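Each remark here refers to the structure printed beneath this line.
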Amino acid sequence: MAQGTWNAGSLAQAVVMLNLLALTDAAHKSDLSSETSGAVINHSSMLIHRLQELLQNGNSSDTTLRVHTTNSDEVKIIHAHQLLLSLHSDIFEGLLLNQSVLTLQEPADCAVLFEKFIRYFYCGEISVHLNQAVPLHRLASKYHVSALQRGVSEYMKTHLASESTQGHVVSWYHYALRMGDEGLQESCLKFLAWNLSTVISSSEWVTVSDDLMVSLLQRSDLVLQNEIELFSAVEEWISKNNPDVPIIEKVLRSIRYAMISPSQLFQIQKQSTVLATYHSSVQDLFFQAFQFHSASPLHFAKYFDVNCSMFVPRNYLSSSWGSQWIINNPARDDRSLSFQTQLGPSNHDSTKKITWNALFSPRWLPVSLRPVYSESVSGASQSNRLDEGKPRLVVTSAMSGLEFAGVTFQKTVLVGVRRQQGKVFVKHVYNVHQSTDEVSDFLVHADLQKRTSEYLIDNSLHLHIIIKPIYHSLIKAK
């Protein structure tokens, strides 16, 4: 408070605050003793209760907030205390230097939560629901309440998979982009990429902005059934949003047509209303895709650059690319799975299959850390040591020394959580290069022995293993 601005209300407020602080001081005095019989008497809950009473009853109030709702005659009056407002917000501190009545303008969604927002200043606690996250974050950002701003941002990051009638992740991404919250922005983008099939089938899909659509289509970690599903979704988005021609051409050229079978390529060429208008924009990509399917990848790589995104598979869920694996009661014992995938996306290799073996262990220890079984080591000690092990997943080819000229295999493991409306959301994606078989740091922080673990759905671990052939350029033919 600026010098010379004390008044009766401010003095009364200061007295009240000093009394409350005295309670806290008394609570800690017994802890100052060096005696071993010392203790801590905690009356912090009483302090918070008294502070809340100050706001609720307007006791010793020295500040009035008049909150006007934009485009409305509604005005909310809140009697508050300058000291508490200034402690939490440098914006309020500046506004209250020379005045005790503030007139504030807020949009309807913020105005309805303003009293709840101010109550946080008095108790340091606030309840948040999905539809309140954005306006509360906006208020915290506007008035520089950094702790609340971070808290709401973390709430949003951890509730991306929460059920909502209209969907909320796309709108949260757009909001984070406007606010410059890069952490929230990246979390939303990752969630959308890893759960794209779910997003495509929701009402959120048509609300995706031009920039977000372009950004998503550049990614190789999109999780969806196949590339044709993505093309159909992009076609719907174009039809509903009618973006500018350069955007249409850019998103159509971001489809990986080489990952679509020749029969499906012929079908979309014939039936797509969007391609009927813009086929010339992607004609070269279609031609190259047909060439890719007509020759062996080894022969194709001699003439064309395969180190571009068009020839990199995304995370496809269809059975030709991998297998779902639901492990019931995963903490019980080791499990194994065998499955087959196609050799590659080229139609030339469509009949060639590779068999893969997966081994899951809930409590694996390296040999160097395993207990030595002897009479001198108790069974309880051995059991405790085994409990220290971490989950392990190994994916190997049934063909020893699996190597093909110009191609390696990337193993991708999806971990699903939080089934909602019959769907499983992807929480983690692990990528393993061909040079190793073990999934590094697999579920290193998960406690699979707890039935309440966030990684378990009805006491089952939901995995999906995807095998992605990655092509490499060879010496060009002259």
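Residues -26 to -1, 1 to 452 (mature numbering (1 follows the signal peptide of the UniProt record, and there is no 0)) make up the sequence shown, in order.
We put the beta carbon where it would ideally sit given N, CA and C, even for glycine.
Just so we're clear, the structure is a prediction, and the values are computed from it rather than from any experiment.
Open item on the list: Taking the alpha helix (DSSP H) that His267 belongs to, which residues open and close that run?
Closed with: If you look at His267, you'll find it in the alpha helix (DSSP H) that goes Thr247 to Ser268.
- [ ] Name, in chain order, the residues that DSSP records as bridge partners for Asn302.
- [x] DSSP lists Ser434 as partners of Asn302.
- [ ] Only counting runs of 3 or more residues, tell me where the beta strand (DSSP E) segments fall wholly within the stretch 96 to 177, in order along the chain.
- [x] For the stretch 96 to 177, not a single whole beta strand (DSSP E) run of length 3 or above is found.
Open item on the list: Whole angstroms are fine: how far does the CA of Val248 sit from the CA of Val286?
Closed with: Between Val286 and Val248, the C-alpha separation is close to 24 Å.
TODO: Have a look at Pro365 and Thr315 and give me their C-alpha separation to the nearest angstrom.
DONE: Distance between the alpha carbons of Pro365 and Thr315: 25 Å.
Task: Helix, strand or coil at Ser60 [DSSP, three-state] - done: If DSSP states are grouped into helix, strand and coil, Ser60 belongs with the helices.
Task: Euclidean distance between Cα positions of Ile212 and His142 - done: About 21 Å.
Open item on the list: Helix, strand or coil, according to DSSP, for Arg359 in the structure here?
Closed with: Residue placement at Arg359 cannot be trusted, given a pLDDT of 48 that sits under 50; what the coordinates show is reported in the next sentence. The answer is helix: DSSP assigns Arg359 an H, G or I state.
- [ ] Have a look at Ala250 and Leu204 and give me their C-alpha separation to the nearest angstrom.
- [x] Within the model, the alpha-carbon separation for Ala250 versus Leu204 is close to 18 Å.
TODO: Compute the Euclidean distance between the alpha carbons of Ile444 and Met373, then round it to the nearest angstrom.
DONE: Answer to the nearest angstrom: the Cα atoms are 18 Å apart.
Open item on the list: Could you pull the DSSP bridge partners for Gly296 from this structure?
Closed with: Secondary-structure assignment with DSSP links Gly296 through a beta bridge to Ile440.
TODO: Rounded to whole angstroms, what's the CA-CA distance from Arg152 to Gln298? Just pull it up for me.
DONE: For Arg152 and Gln298, the distance between alpha carbons rounds to 38 Å.
TODO: Report the three-state DSSP secondary structure of Lys424 (helix, strand or coil).
DONE: In the structure shown, Lys424 adopts coil according to DSSP, grouped into three states.
- [ ] Compute the beta-carbon to beta-carbon distance between Ile301 and Phe334, rounded to the nearest angstrom, for a pair I have assumed lies under 8 Å.
- [x] 6 Å between Cβ atoms; contact.
Task: Straight-line gap, Tyr277 to His446 (C-alpha atoms, nearest Å) - done: When rounded, the distance between both Cα atoms is 12 Å.
Task: Chain-order list of residues whose beta-carbon lies under 8 Å from that of Leu69 (same chain, five-residue window excluded) - done: Excluding five sequence positions before and after Leu69, the CB atoms of its chain that fall closer than 8 Å to its own CB belong to Leu76, given in chain order.
- [ ] Report yes or no: do the stretch 164 to 183 and the stretch 219 to 227 share at least 3 C-beta pairs separated by less than 8 Å?
- [x] With a cut-off of 8 Å, the stretch 219 to 227 and the stretch 164 to 183 do not count as touching, because too few Cβ pairs lie within range.
- [ ] Could you pull out every residue in the same chain whose Cβ sits closer than 7 Å to the Cβ of Ile51, ignoring the five residues on either side in sequence?
- [x] Around Ile51: Thr38 and Arg40.
Task: Residue span of the beta strand (DSSP E) that contains Leu76, given as start and end - done: Counted as a single uninterrupted DSSP element, the beta strand (DSSP E) harbouring Leu76 occupies residues Val75 to Glu80.
TODO: Could you tell me the distance, in whole angstroms, from the CA atom of Ser35 to the CA atom of Asp47?
DONE: Going by the C-alpha atoms only, they are around 25 Å apart.
Open item on the list: Using the three-state DSSP reduction, which class does Leu198 fall into: helix, strand or coil?
Closed with: It is a strand residue.
- [ ] Measure how close the beta-carbons of Ala167 and Gln159 come, nearest whole angstrom, since I'm counting them as under 8 Å.
- [x] No, Ala167 and Gln159 are not in contact; Cβ-Cβ is about 13 Å, not under 8 Å.
Open item on the list: Which residue marks the beginning of the beta strand (DSSP E) containing Phe274, and which one marks its end?
Closed with: Unbroken run through Phe274 is the alpha helix (DSSP H), Pro271 to Phe274; no beta strand (DSSP E).
Open item on the list: According to DSSP, simplified to helix, strand and coil, what is Glu349?
Closed with: Confidence in Glu349 is poor, its pLDDT being 49 and thus under 50, which makes the residue's placement unreliable; the coordinate value appears in the next sentence. Secondary structure at Glu349: coil, using DSSP grouped into helix, strand and coil.
TODO: Report all residues from its chain with a CB closer than 6 Å to the CB of Glu223; omit the five preceding and five following residues, and keep chain order.
DONE: Annotation for Glu223: Ser255 place their beta carbon closer than 6 Å to its own, counting only its chain and skipping 5 residues before and after.
Task: Residues of its chain near Gln123, where Cβ-Cβ distance is below 7 Å and the 5 sequence neighbours each way are ignored - done: Within the same chain, Gln123 has close Cβ partners His111, Ala114 and Ser115.
Open item on the list: Quick test of your reading: Leu170 and Leu198, contact by CB under 8 Å. State the CB separation rounded to the nearest angstrom.
Closed with: Leu170 to Leu198, Cβ: 5 Å. Contact.
- [ ] Helix, strand or coil for Thr410, going by three-state DSSP, please let me know.
- [x] In the structure shown, Thr410 sits in coil (DSSP, three-state: anything other than H, G, I, E or B).
Task: Check whether His322 and Ser237 have beta carbons under 7 Å apart - done: Here His322 is not near Ser237, since their CB atoms are 7 Å or more apart.
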